Amino acid sequence: MSAPAEILGRQRVDEGSGGHSRYSQVRPTSRWREHHGWSVVTSLRRLRSRPLETWLTLMVMGLSLVLPLLFYLLLGNVQRLGNALGRNPVISVFLQPNQSASVAQGLVRQLRARSDVNNVTLKTPQQGLDELSKMQGFSSVLSDLVDNPLPYVVQVQAKDSLDVAAMNKLVAELRGFQGVDSVQDSGHWRQRLDAFLVVGERAVVLLTILLTAVALLAVGNTVRMDIVSRVEEIQVQMLVGASPPFVRRPYLYAGIWYGLFSGTLAVLIILLMEWSLAGPVAHLIQVY
Numbered sequence: 004m005s006a007p008a009e010i011l012g013r014q015r016v017d018e019g020s021g022g023h024s025r026y027s028q029v030r031p032t033s034r035w036r037e038h039h040g041w042s043v044v045t046s047l048r049r050l051r052s053r054p055l056e057t058w059l060t061l062m063v064m065g066l067s068l069v070l071p072l073l074f075y076l077l078l079g080n081v082q083r084l085g086n087a088l089g090r091n092p093v094i095s096v097f098l099q100p101n102q103s104a105s106v107a108q109g110l111v112r113q114l115r116a117r118s119d120v121n122n123v124t125l126k127t128p129q130q131g132l133d134e135l136s137k138m139q140g141f142s143s144v145l146s147d148l149v150d151n152p153l154p155y156v157v158q159v160q161a162k163d164s165l166d167v168a169a170m171n172k173l174v175a176e177l178r179g180f181q182g183v184d185s186v187q188d189s190g191h192w193r194q195r196l197d198a199f200l201v202v203g204e205r206a207v208v209l210l211t212i213l214l215t216a217v218a219l220l221a222v223g224n225t226v227r228m229d230i231v232s233r234v235e236e237i238q239v240q241m242l243v244g245a246s247p248p249f250v251r252r253p254y255l256y257a258g259i260w261y262g263l264f265s266g267t268l269a270v271l272i273i274l275l276m277e278w279s280l281a282g283p284v285a286h287l288i289q290v291y
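With the numbering used here applied, the sequence shown covers 4 to 291.
Structural data, given as C-alpha cells:
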C-alpha cells in the first residue's frame, strides 16, 4: 500500500470505529505529522522528476530576487561612502589676506559662542602652505614664493539638527562678518546625496515589490500547471476520502521549496558577483 493510501486507510478506519481506534488513541497527531513528512518528500520528488522545468522556474525567481538585492547593496555602499566622507556639513570661511591672527581668533571665539555651531577650527596660512607642499606638483612652485599668500581659514561645523534653511542662514551670516573674503559651503553635495538616497530607497522598495510579485506569480503558475497535470490523481484521492488539506499540502510544500531554493540561488549569485568585483574595486580604491 502506498503512503497516501495507507494514511487515508487509517483515517477511514478511525472514522468507521467512531474515533476509538487504537491508532487514534495512542498517537492522535501522528497522522498529521506523518502526512506532512510524506508531503515534504513527495514535493521534492516531484521537483526532481522535472529538472528542466524546475531549474527554469528557479532561475526566473532567483534573478527576480537578485535585482532588488543588488540595488540594496549598491544603495548601502553609497550610504557608507557618504558616512565615510562625513555627513556633518563643514563651512570654510576664508579671511582676507591682510587680516591678522588676532582677527581670526576673535572670529573663532564669536562662532564658538553660537548655538547653531558644533565645532570651529582655525587653520593658519602656514598650515595651508604645508598641506600644499605635500601635494604632488606644488612643492617646486611653493619654493619660489617669497611671502605666504594664503589667508586664515576658519572651518565651521554646523549642528546636525540644522535644516537647509538654517544652513543657508548661517552661511549668509558668515559672509557678513568683518574681514571675511569668501565662504565655501560643502554641505550642498551632501544635501544632493541625501536626496539621491531617499529616491534610491523608494526605488528599491518599489522594485522589490514588483519583482517579488513576479516571483510569486511564477511559483503560482508552476504549481497551477502541476495541479492541472494531476487532476485525475486528485479526483481519485477525493473519491477515497482525502480531505482538501490532505490534497493541498504537497503543492504548498512545493511552493515553499521553490521560494527557499530560489532565495538561496539569489544569495549565491550576489556572493559570486561580490567576489568577482572585489579585486577591481580594491584596485580602483588604491588608485584613487
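Ideal placement from N, C-alpha and C gives every residue a C-beta, glycine not left out.
Treat the numbers as computed from the prediction; the structure is a model and nothing was measured.
Original post:
Of all the options R49, S46, L47, N80, which has the alpha carbon lying nearest to the alpha carbon of G203?
Top reply: N80
Subject >> Uninterrupted beta strand (DSSP E) stretches inside the segment 214-239 (no shorter than 3 residues) >> reply: none
**OP:** Work out the CA separation of E277 and L77 for me, nearest whole Å.
**Re:** 11 Å
Subject >> Alpha-carbon to alpha-carbon, T267 and D166 >> reply: 43 Å
Original post:
By the 10 Å Cβ neighbour count, where 16 or more other Cβ atoms means buried, how is H38 classified, buried or exposed?
Top reply: buried
**OP:** Measure the C-alpha to C-alpha separation of I259 and V239 and round it to an integer number of angstroms.
**Re:** 25 Å
**OP:** Alpha carbon to alpha carbon, how far is D184 from M170? Give it in angstroms, no decimals.
**Re:** 19 Å
Original post:
The alpha helix (DSSP H) with V96 in it runs from where to where?
Top reply: Careful: V96 lies outside any alpha helix (DSSP H), inside the beta strand (DSSP E) at 93-98.
**OP:** Give me whichever residues DSSP pairs with Q160 in a beta bridge.
**Re:** V93, N122
Original post:
In or out: F249 buried (at least 16 other Cβ within 10 Å) or exposed?
Top reply: buried
Original post:
Cα separation between E122 and K137?
Top reply: This sequence places Asn at residue 122; Glu is not what is there. Their Cα atoms are separated by approximately 26 Å.
**OP:** For the beta strand (DSSP E) holding V186, just list the boundary residues, first then last.
**Re:** 183-188
Original post:
Of the residues V243, E134, N224, L210, which one's Cα is nearest the Cα of T60?
Top reply: N224
Original post:
Tell me which same chain residues have a C-beta within less than 6 Å of the C-beta of V106, skipping the five on either side of it?
Top reply: G182
**OP:** Kindly confirm or deny that the segment 92-104 and the segment 228-237 touch, where touching means at least three C-beta pairs closer than 8 Å.
**Re:** no
Subject >> Under 9 Å between C-beta atoms of D133 and A161 >> reply: no
**OP:** Drop a sphere of 10 angstroms on the beta-carbon of V96, count the other beta-carbons inside from all chains shown, and report buried for 16 or more, exposed for fewer.
**Re:** buried
Original post:
Quick one, are the C-beta atoms of V1 and A269 less than 9 Å apart?
Top reply: Since the first residue shown for the chain is 4 and the last is 291, residue 1 is missing from the structure and cannot be characterised.
Original post:
Can you tell me whether DSSP reads T211 as helix, strand or coil?
Top reply: helix
Subject >> Pairwise C-alpha distance: L275 and P283 >> reply: 14 Å
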